[in-house]
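To keep things clear, I will list the structure first and then write my remarks on it.
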Amino acid sequence: MSTRARDNPFRAARIEGLRYRAPGFRWPDLTARLASQGGRGAIRGAQGSGKTTLLHELGDRLAAAGWEVRRLRPDLDDRRLVGEQVHALTRGAGKRTALLLDGADRLGLLRWSLFLRAAQAAGVLVVTTHREGRLPTLHRCRTTPRLLAELVAELRPAGLPEVSLEALFRRQRGNLRAALRSLYDAQAAR
Numbered sequence: 039m040s041t042r043a044r045d046n047p048f049r050a051a052r053i054e055g056l057r058y059r060a061p062g063f064r065w066p067d068l069t070a071r072l073a074s075q076g077g078r079g080a081i082r083g084a085q086g087s088g089k090t091t092l093l094h095e096l097g098d099r100l101a102a103a104g105w106e107v108r109r110l111r112p113d114l115d116d117r118r119l120v121g122e123q124v125h126a127l128t129r130g131a132g133k134r135t136a137l138l139l140d141g142a143d144r145l146g147l148l149r150w151s152l153f154l155r156a157a158q159a160a161g162v163l164v165v166t167t168h169r170e171g172r173l174p175t176l177h178r179c180r181t182t183p184r185l186l187a188e189l190v191a192e193l194r195p196a197g198l199p200e201v202s203l204e205a206l207f208r209r210q211r212g213n214l215r216a217a218l219r220s221l222y223d224a225q226a227a228r
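Adding 38 to a residue's 1-based position in the sequence shown gives its number in our numbering.
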């Protein structure tokens with residue numbers, strides 16, 4: 039008998055409820071760095087390292103502080119649509135506007151240049167990216183086997199099949215999202 043999706047402790051709704059964490063990470067440090075960088079920065083890291091989660095939480099904090107937060111994750115299936123999305127994101131942005139772009143790597147060099155020009159008036163511009171170069175690094179997301187173990191412990195799976203989280207971490211090359219998806223599949227098969 040398999041575990042129903044709604045009973046799986048690794049279901050998407052539970053994973054999305056996890057807060058960003060990393061060894062030594064502190065919100066006051068991140069916000070001070072963002073201010074020192076003129077409200078510009080890139081959250082960098084490998085796939086599944088928490089970039090999107092951190093960007094989302096930053097947006098929530100900015101909104102709570104009175105910022106107009108605008109978010110975009112470009113859809114590359116339709117290049118024309120990406121241009122329209124970028125235009126809508128930046129149109130009318132001002133000093134109290136925070137632009138959050140999840141996936142700056144998805145914009146080619148020309149579109150990136152146009153985006154930067156259009157985003158100049160925004161008070162805050164933060165993007166996620168896999169590599170250096172788009173904006174000064176605001177935060178580098180890193181993963182560890184211990185971090186995976188903390189996330190799994192927070193999800194409190196009952197009767198988790200015997201699995202070495204360290205081996206799973208290595209097998210998924212540090213991608214926490216992929217590791218948690220693998221645990222979802224293992225739990226679903228029970």
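Backbone N, C-alpha and C define an ideal beta-carbon position, used for all residues, glycine too.
Note that the structure is a prediction, hence the values are computed from the model and not measured.
Other residues of its chain near residue i: CB distance less than 6 Å, five sequence neighbours each side excluded
i	result
lysine 89	Ile81, Gly83, Thr166 and Cys179
alanine 156	Thr128
threonine 181	Ser87, Gly212 and Leu214
arginine 268	What is shown of the chain runs 39 to 228, which leaves residue 268 out entirely.
valine 162	Gly77 and Ala136
glycine 121	none
arginine 149	none
Exposure of residue i, with buried meaning 16 or more beta-carbon neighbours within 10 Å
i	result
alanine 196	exposed
glutamine 210	buried
arginine 208	exposed
glycine 130	exposed
glycine 97	buried
leucine 100	buried
arginine 172	buried
C-beta atoms of residue i and residue j nearer than 8 Å
i	j	result
alanine 26	glycine 141	Coverage of the chain is limited to positions 39 through 228, which leaves residue 26 absent and any answer about it impossible.
aspartate 143	histidine 125	no
leucine 145	leucine 189	no
leucine 93	leucine 138	yes
glycine 79	valine 164	yes
arginine 71	tryptophan 105	no
arginine 59	leucine 198	no
arginine 57	glutamate 95	yes
histidine 177	leucine 68	yes
Opening and closing residue of the beta strand (DSSP E) in which residue i lies
i	result
alanine 136	135-140
valine 162	162-167
leucine 176	175-179
First and last residue of the uninterrupted alpha helix (DSSP H) at residue i
i	result
histidine 94	89-102
alanine 73	65-74
leucine 110	Segment 106-110 is the beta strand (DSSP E) holding leucine 110; no alpha helix (DSSP H) there.
arginine 209	203-209
alanine 84	Looking at the DSSP string, alanine 84 is not in any alpha helix (DSSP H), and its letter there is neither H nor E.
arginine 155	147-156
alanine 191	183-193
aspartate 223	214-226
alanine 131	Premise fails: alanine 131 is in no alpha helix (DSSP H) and is neither H nor E.
Other residues of its chain near residue i: CB distance less than 7 Å, five sequence neighbours each side excluded
i	result
arginine 194	Pro47
arginine 52	Leu193
Beta-carbon separation (whole angstroms), residue i vs residue j, contact threshold 8 Å
i	j	result
proline 183	glutamate 204	4 Å
Close beta carbons around residue i, own chain, < 8 Å, minus the five adjacent residues each side
i	result
leucine 119	Asp113
tryptophan 65	Arg99
leucine 11	Residue 11 cannot be examined here, being either before or after the span of the chain that is shown, 39 to 228.
glutamine 5	There is simply no residue 5 to check, as the chain begins at 39 and stops at 228 in what is shown.
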